Structures are given as C-alpha cells and as structure tokens.
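J.: Could you have a look at this structure, given as structure tokens, before my questions?
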Amino acid sequence: MVSLLQIVDLILDILVFFVFIHVIMSWLISFGVLNSRQQLVITIWRSLEGILEPLYSRIRKIIPPINGGLDLAPLILLVAVYALRVIIRNNFTF
C-alpha cells in the first residue's frame with residue numbers, strides 16, 4: 562500500500578512540474594522569447610497540451626477564463642493537486 566501511495570505522490574509531483582513548464586512556456590511564447598514555429602518548441606508544447614488540456618477543460622467548464630485572457634485553470638489544478646496530496650499524506654502514513 563505504501564509503494565502505491567508513493568507512486569501516486571510521484572505522479573502528482575510530475576503533474577505539478579508539467580503545469581509549471583506549461584505556464585512558463587506559454588509566457589515565453591507570448592512574449593516572443595520562444596519561437597512557436599521551432600520544431601522542438603512545437604513538440605514540447607503539443608505534448609504538454611495533450612497531457613494537461615483534458616484536465617484544464619474540466620476546470621474551464623466550471624470556471625471560464627477571466628476577461629483579458631487570464632486562465633485560472635492551471636492555478637486551480639495546482640491547488641487541487643496540493644489538496645489531494647495533503648489528503649493522501651494525512652490519511653495514509655508513508
């Protein structure tokens with residue numbers, strides 16, 4: 562049971578890392594630091610979109626982006642992952 566919880570915790574850590582990379586990449590693309598026509602950037606961006614967009618779309622159904630293009634889905638996902646980790650760590654000792 563402990564090993565399974567550690568694997569879930571690791572997966573949540575990786576998900577948080579992906580969210581941070583996705584947010585930073587979106588800023589860098591928006592400000593023109595990263596060229597969105599470069600093959601490596603496109604590959605990484607599409608991979609992250611494929612992983613995160615199903616999660617973001619569920620959040621966006623409940624809380625749509627704010628006027629001006631501010632999307633709160635990554636922030637809400639990070640809070641949800643943190644809450645899930647707290648629940649797992651408090652209810653199961655490992």
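Sequential numbering from 562 applies to the sequence shown in the working numbering. Glycine residues also receive a C-beta, built at the ideal position from the N, C-alpha and C atoms. Computed from a prediction, not measured in an experiment: that's the story for all the values here.
Exposed or buried, Val594, counting other C-beta atoms within 10 Å across all chains shown (16 or more means buried)?
T.: The residue in question, Val594, is exposed, as its Cβ has fewer than 16 Cβ neighbours within 10 Å.
J.: Taking its Cβ as the centre, do 16 or more other Cβ atoms sit within 10 Å of Val580, making it buried, or is it exposed?
T.: Answer is buried; the Cβ neighbour count reaches 16.
J.: So, for Val584: in the same chain, excluding its five sequence neighbours on each side, which residues have a beta-carbon less than 8 Å away from its beta-carbon?
T.: Pro635, listed in sequence order.
J.: Here's the rule I'm using: 16 or more other beta-carbon atoms within 10 Å means buried, otherwise exposed. How should Leu613 be labelled?
T.: By the neighbour-count rule (16 or more Cβ atoms within 10 Å), Leu613 is buried.
J.: Would you kindly check if the distance between the Cβ of Ile605 and the Cβ of Ile582 is under 9 Å?
T.: Taking 9 Å as the Cβ cut-off, Ile582 and Ile605 qualify as a contacting pair.
J.: Since I believe Leu573 is in contact with Val640 (beta carbons under 8 Å), could you give me their beta-carbon distance rounded to a whole number of angstroms?
T.: 12 Å between Cβ atoms; not a contact.
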